[in-house]
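**Student:** Mind having a look at this structure? Questions to follow.
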């Protein structure tokens with residue numbers, strides 16, 4: 001049984017309420033608190049395990065793709081619609097450097113491995129039933145945000161793009177991904193025709209300006 005006792009009659013001498021509850025009810029509250037902490041920890045652990053698994057799969061595919069010569073890798077990317085400018089961005093070189101590779105000049109091992117990772121990612125996207133993977137990569141991460149998935153790849157964030165494959169339809173998760181890429185994305189990348197606001201769930205979101 002609950003026991004409630006308030007002491008004092010004036011505002012100056014009033015003591016805090018003393019509330020006693022049964023041991024059974026207290027035990028339930030304590031158990032629910034422990035369960036909540038366990039679920040929160042498990043969620044964080046599972047998210048990290050998922051990311052490691054996705055990246056491990058991508059890197060295994062990358063090693064297979066890296067067996068191709070540089071010219072073949074360039075052809076693979078060009079054939080699915082990548083522009084030479086985007087290929088240069090992803091390899092972190094200039095367009096003239098890519099043009100030299102096309103003419104047969106040797107590609108360094110580091111650049112070849114980096115582009116092989118893009119080829120591996122395309123295979124993942126196709127297996128995940130992403131229609132026209134190159135076009136999907138060119139799309140903004142979120143409507144109204146001037147940041148594409150290729151922009152993430154150019155910064156080496158293959159992990160975030162892999163998460164977007166599964167979380168693309170979850171606006172809250174996409175927001176978390178943007179936060180991880182750049183905590184200031186709402187100020188740096190939101191289009192002028194959009195504005196940020198606090199939605200009913202207390203989450204900062206964006207919408208077209210009225």
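Numbering (UniProt numbering), first residue to last: 1 to 210.
Ideal Cβ positions, reconstructed from N, Cα and C, are used throughout, including at glycine.
Bear in mind the structure is a predicted one, so any value in this text is a computation, not a measurement.
1) Quick check on residue 128: buried or exposed, where buried means 16 or more other Cβ atoms within 10 Å of its Cβ?
2) Report yes or no: do the stretch 100-114 and the stretch 134-145 share at least 3 C-beta pairs separated by less than 8 Å?
3) Since residue 64 and residue 125 are thought to touch, with beta carbons under 8 Å apart, how far apart are those beta carbons, to the nearest angstrom?
4) Alpha carbon to alpha carbon, how far is residue 191 from residue 185? Give it in angstroms, no decimals.
5) Please name the residue, chosen from 149, 146, 96, that lies closest to residue 85 on a Cα-to-Cα basis.
6) Helix, strand or coil: which one does DSSP assign to residue 108?
7) What residue from 119, 117, 123, 178 has the CA that sits closest to residue 146's CA?
8) So residue 91 and residue 115 are in contact, right, with Cβ under 8 Å, and what is the actual spacing, rounded?
9) Which term fits residue 149, buried or exposed, when burial requires 16 or more other beta carbons within 10 angstroms of its beta carbon?
10) May I ask which residues mark the beginning and end of the alpha helix (DSSP H) holding residue 92?
11) Helix or strand or just coil, what does DSSP make of residue 83?
12) Return the Cβ separation of residue 181 and residue 162 in integer angstroms, given the expectation that the two are a contact with Cβ distance under 8 Å.
13) In the DSSP assignment, what residue or residues form a beta bridge with residue 148?
14) Any idea if residue 99 is buried or exposed, counting beta-carbon neighbours within 10 angstroms, 16 or more meaning buried?
15) On the CB-based measure, 16 or more other CB atoms within 10 Å of its CB, does residue 81 come out buried or exposed?
16) Can you tell which of 50, 104, 105, 157 has the C-alpha that lies nearest to the C-alpha of residue 118?
17) Counting only the same chain and skipping the five closest in sequence on each side, list residues whose C-beta sits under 6 Å from that of residue 130.
18) Residue 190 bridges to which residues according to DSSP?
19) Could you tell me the distance, in whole angstroms, from the CA atom of residue 41 to the CA atom of residue 59?
**Tutor:** The structure says:
1) Taking the first residue of the chain shown as 1, we reach residue 128 at position 128. The residue in question, residue 128, is exposed, as its Cβ has fewer than 16 Cβ neighbours within 10 Å.
2) No contact exists between the stretch 100-114 and the stretch 134-145.
3) Indexing the chain shown from 1 puts residue 64 at position 64. Indexing the chain shown from 1 puts residue 125 at position 125. Taking C-beta atoms under 8 Å as the contact rule, residue 64 and residue 125 fail to qualify, at a distance of about 16 Å.
4) Walking along the chain shown from the start, residue 185 turns up at place 185. Walking along the chain shown from the start, residue 191 turns up at place 191. Residue 185 and residue 191: Cα-Cα distance of roughly 11 Å.
5) Sequence index remark: in the chain shown, residue 85 carries index 85 (1-based). Closest by C-alpha distance to residue 85, out of 149, 146, 96, is 96.
6) Residue mapping note: residue 108 aligns to position 108 of the chain shown, counting from 1. DSSP places residue 108 in coil when its eight states are reduced to three.
7) Along the chain shown, one-based indexing puts residue 146 at 146. Closest option to residue 146, Cα to Cα, is 178.
8) Locating residue 91 in the chain shown gives position 91, counting from the first residue. Locating residue 115 in the chain shown gives position 115, counting from the first residue. With a Cβ gap of about 6 Å, residue 91 and residue 115 count as contacting.
9) Translated into the one-based positions of the chain shown, residue 149 becomes position 149. Burial call: buried.
10) Taking the first residue of the chain shown as 1, we reach residue 92 at position 92. Segment: none, residue 92 is in no alpha helix (DSSP H) and carries neither H nor E.
11) Counting from one through the chain shown, the residue named residue 83 turns up at place 83. Looking at residue 83 - three-state DSSP - the assignment turns out to be coil, as it is neither helix nor strand.
12) Position 181 of the chain shown, counted from the first residue, corresponds to residue 181. Position 162 of the chain shown, counted from the first residue, corresponds to residue 162. Actually they are not in contact, since the Cβ atoms of residue 181 and residue 162 sit about 13 Å apart, beyond 8 Å.
13) Within the chain shown, the letter at position 148 stands for residue 148. 140.
14) Counting from 1 along the chain shown, the entry for residue 99 is found at position 99. Under this definition residue 99 is an exposed residue.
15) Here residue 81 refers to the residue found at position 81 when the chain shown is read from its first residue. Looking at its Cβ environment, which holds fewer than 16 other Cβ atoms inside 10 Å, residue 81 is exposed.
16) Residue numbering aside, residue 118 sits at position 118 when the chain shown is read from its first letter. The shortest C-alpha separation from residue 118 is found at 157.
17) As a first step, residue 130 is located in the chain shown; it is residue number 130 there, counting from the start. Same-chain partners within the cutoff: 136.
18) Indexing the chain shown from 1 puts residue 190 at position 190. Residue 190 is bridged to 145.
19) In the chain shown, residue 41 corresponds to position 41, counting from 1. In the chain shown, residue 59 corresponds to position 59, counting from 1. Using only the alpha carbons, I get a separation of about 27 Å.
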